[in-house]
Structure formats: structure tokens, C-alpha cells
Amino acid sequence: MQFSVMILGAGSATPTINRHPSAQLLTYENECFLIDCGEGTQYRLLEHKIRPGRLRGVFISHLHGDHYFGLIGLLSSLNLGGRTEAFFLVGPRGLDDIITLHFKYSHTPLHFPIQFTPTDTESSEQVFENQYFTVKTIPLDHRIPCAGYLFKEKPQKRKLIKEKLVEDMPHEYLRALKNGEDVLDEAGNVLYKCLEFTTPAPPPRSYAYCSDTRYKESVGDVIHGADLLYHEATFRDELEQQAFERYHSTAKQAGIIAAKSRVKKLLIGHFSSRYKEFSGFLEDARSVFPATEIAEEGSVFVIEHI
1 MQFSVMILGA
11 GSATPTINRH
21 PSAQLLTYEN
31 ECFLIDCGEG
41 TQYRLLEHKI
51 RPGRLRGVFI
61 SHLHGDHYFG
71 LIGLLSSLNL
81 GGRTEAFFLV
91 GPRGLDDIIT
101 LHFKYSHTPL
111 HFPIQFTPTD
121 TESSEQVFEN
131 QYFTVKTIPL
141 DHRIPCAGYL
151 FKEKPQKRKL
161 IKEKLVEDMP
171 HEYLRALKNG
181 EDVLDEAGNV
191 LYKCLEFTTP
201 APPPRSYAYC
211 SDTRYKESVG
221 DVIHGADLLY
231 HEATFRDELE
241 QQAFERYHST
251 AKQAGIIAAK
261 SRVKKLLIGH
271 FSSRYKEFSG
281 FLEDARSVFP
291 ATEIAEEGSV
301 FVIEHI
């Protein structure tokens, strides 16, 4: 099953001509979700030929504008497009009040329900679940309440070895084997051993998103072993003190978190607008975690089974 992340925006708070505010598109099979929704996100979706109507919901990390100012416009467009399907929204307390007030004072009735789940930014908790994956919050250390998100695939069933299957084997036998069970006769004798007819399912994949935050070592308790980690890197290493004062991280600190958390791959972004090129960020992060890439806008990162 496809599990991927497209970078729609990876800029920081101050707008630039070539960089867009934070927004990512997570796709699992045919289900699409946004992670943060900075200003202009719906235009980025259209640019990449992604119909906004495909979205099931949005996960907002915190209430600084560069992470959610695109949400009202997106909801308005979905409303104008005739959406009736429920829309999932996960984010900080107060986000639902902002949306309610906007549509109240613009005299705009919404024609679809918004199912809002507030986040606890002090402890990790599950905030979403569907048939494919679960989502847990990652408490972060920012100037206002802020949480990242860990998207973790549910365990898959074992794979049948087709060439070993008996012709016309009943479906309930196949189901039991895929669930890791031996098939027994009425007397309790083993007819078909699971280990002889199946191979193990691949390990569940996971994606961790850590938006604005100071260096916070406890993040590793939640994201340990993730296949892919996005971690903000607003400043280069020489501005570590400024990063701390502004509740942000450096690229090297992002690399340290990735190394200590034993993730498989790191993406860095949210670079301050003072920087015009990013090779130095890559050098800083790779000095402690070589498997690092820049979260280039428009790039798609597929989370593979390893």
C-alpha cells in the first residue's frame, strides 16, 4: 500500500517569493490528509493537480498563522464545491472557535460536519484512527501549545504462499492463516500450519512530523524507530542560542534528535527567511545524522517497507 508525504510548503513565518508556509500532504492508499495548512495551501494542491475534495482531514500543529492561515480558505472552497462528507480536524484547543466565529460572522453555513479533536500538548495521546493507521501527538516545546504527529501503520496480515495453497481451500482457512493461526480439524488436530503456508507481514511503517520546537530530547520517546522524520531546522548551528530564545531548533539539533531516536531517515525544513540557500543546513544535520535530506517543496517521499 502506498504511504507517502508530499512537501507543499516548508518555509518559516516570514513569506518569501519562492517558499511557502508549512503544509504537507500525507497519502495512504487512496486516503489523503494535510499536516498543517499555511496560507495558500489550496493553491499548492491545485498546482500539483490534487483535488481538495480528496482530503479526509487536516492535522494542525499549533496556532501560529504560518501553520493554519490556509485552513479557512480551504474549508470555504470545500463548502462551495458542495462537500457533504464529514471532515476530520485535529489541532489545538481554540481552533474550532476560530472556525466557528469566521463562518458565523461571514454568514456562511457549512454544509458538511467538521469532526474536531483537540490535542493535548503536554502528553502523547492517540487522536485519530482509521482502518489503515493511528495518529499520536508528539508534545513539542514552542512559545504556544504545539504538538507534532506520529502516523503509524497498523500491523498487516501475513502473506499467503500461493504455490503451497491447496486447491479450493475454504476462505475461512485462508483467513485464519493470514491472521497467524493454524487451521485445526474438529478434533483439534492441525490440518495446515500457518508457518508453512504464509510469510511474515512486513513491519508497520511510520512517519513523524515535528513542527516548531526547541530541541526536546523526550521527543525520541514517542518517535523512536520511525521510518521517516520531518523536524524543523529554522537556524544553522552558529545561531543555537537564538534558536533557543525563539523556541526553534537548529539543523544539527534536528540531526541529534534523529540519531538518538534511531529513525531511518530525516527531512529538515522551516528554514528562516534570512537564508537564501540550504546546503549549510544539510552539512550541519549530516555531521551527526548522514541520512538527512532537505524537504524540498514539491518533493514526494515514499515510506517503503525495509
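Using the working numbering, the first residue of the sequence shown is number 1, and each one after it goes up by one. Glycine residues also receive a C-beta, built at the ideal position from the N, C-alpha and C atoms.
Nearest neighbour of residue i, chosen from the options [CA to CA]
i      : options                           : result
VAL263 : GLU29, HIS48, GLN242 and LEU228   : LEU228
ARG274 : GLN2, THR16 and PHE151            : THR16
MET131 : SER106, PRO145 and GLU153         : Note on identity: in this sequence residue 131 is Gln, with Met being the wrong assignment. Selected option, being the one with the closest Cα: GLU153.
PHE88  : TYR105, PHE33, GLU196 and LEU45   : PHE33
ASN30  : LEU46, SER12, ILE50 and ARG19     : ILE50
THR14  : GLY53, GLY65, PHE301 and LYS136   : GLY65
ARG93  : GLU304, ALA259 and ILE144         : ILE144
GLY53  : PHE59, TYR207, ILE72 and SER77    : SER77
THR134 : LEU55, TYR149, ASP120 and GLU122  : TYR149
THR198 : PHE128, ILE303 and LYS178         : LYS178
TYR247 : THR27, VAL222 and LYS216          : LYS216
ILE306 : PRO203, VAL219 and LEU165         : PRO203
HIS67  : ARG158, LEU95 and LYS193          : LEU95
GLU238 : SER249, GLY57, TYR230 and LEU55   : SER249
LYS164 : THR234, VAL288, ARG19 and LEU174  : LEU174
PRO113 : PRO139, LYS104, CYS146 and ASN79  : ASN79
ARG56  : GLY70, VAL90 and HIS62            : VAL90
GLN241 : GLU129, GLU293 and ARG214         : ARG214
GLU181 : LEU282, LEU195 and SER218         : LEU195
SER124 : GLN24, LYS104, ALA291 and CYS210  : CYS210
SER206 : ILE98, GLU186, TYR230 and TYR192  : TYR230
GLY280 : ALA251, ILE257, ALA259 and PRO290 : ALA251
LYS260 : ALA243, PHE235, THR234 and VAL219 : VAL219
ILE257 : GLU122, VAL190, HIS224 and ARG236 : HIS224
PRO290 : ALA243, LYS265 and VAL166         : LYS265
HIS111 : PRO155, ASN189, ILE98 and THR84   : THR84
ARG286 : ILE303, GLN253, GLU304 and VAL302 : GLN253
ALA208 : PRO139, GLY82 and ILE98           : PRO139
Local Cβ density within 10 Å of residue i, reported as buried at 16 or more and exposed below that
i      : result
PRO21  : buried
LEU46  : exposed
THR137 : buried
ALA86  : exposed
ASP284 : buried
GLY255 : buried
LEU74  : buried
ASP212 : buried
HIS142 : buried
LEU101 : exposed
SER106 : exposed
PRO200 : exposed
LEU170 : As written in the sequence, residue 170 is Pro, which differs from the Leu given in the question. Classification for PRO170: exposed.
PRO104 : The residue asked about is misnamed: residue 104 is Lys in this sequence, not Pro. Answer is exposed; the Cβ neighbour count stays below 16.
HIS277 : Checking the sequence shown, residue 277 turns out to be Glu, not His. Burial call: exposed.
GLN2   : exposed
ALA187 : exposed
LEU71  : buried
ILE60  : buried
TYR192 : buried
For residue i, the residue or residues it bridges with in DSSP
i      : result
MET231 : First, the amino acid is wrong: residue 231 is His here, not Met. According to DSSP, which records beta bridges pairwise, HIS231 is partnered with CYS210 and ILE268.
GLN115 : PHE88
GLY9   : ALA23
CYS37  : ALA23
LEU55  : CYS32
GLN126 : LYS136
VAL302 : SER4
GLU293 : LEU267
Restricting to runs no shorter than 3 residues, where is the beta strand (DSSP E) found entirely within the segment 185-217? As for any beta strand (DSSP E) of minimum length 3 sitting wholly inside the segment 185-217, the runs are 190-192 and 206-210, ordered along the chain.
Okay, do the segment 2-13 and the segment 25-43 touch, 3+ Cβ pairs below 8 Å being the bar? Judged by Cβ distances under 8 Å, the segment 2-13 makes contact with the segment 25-43, as three or more pairs qualify.
In chain order, each beta strand (DSSP E) run of at least 3 residues that lies wholly inside the segment 239-282: 266-269, all fully within the segment 239-282.
Could you say if the segment 289-298 and the segment 265-281 meet the contact criterion of at least three C-beta pairs nearer than 8 Å? yes
Entirely enclosed alpha helix (DSSP H) segments - the segment 133-189, minimum 4 residues: 171-178
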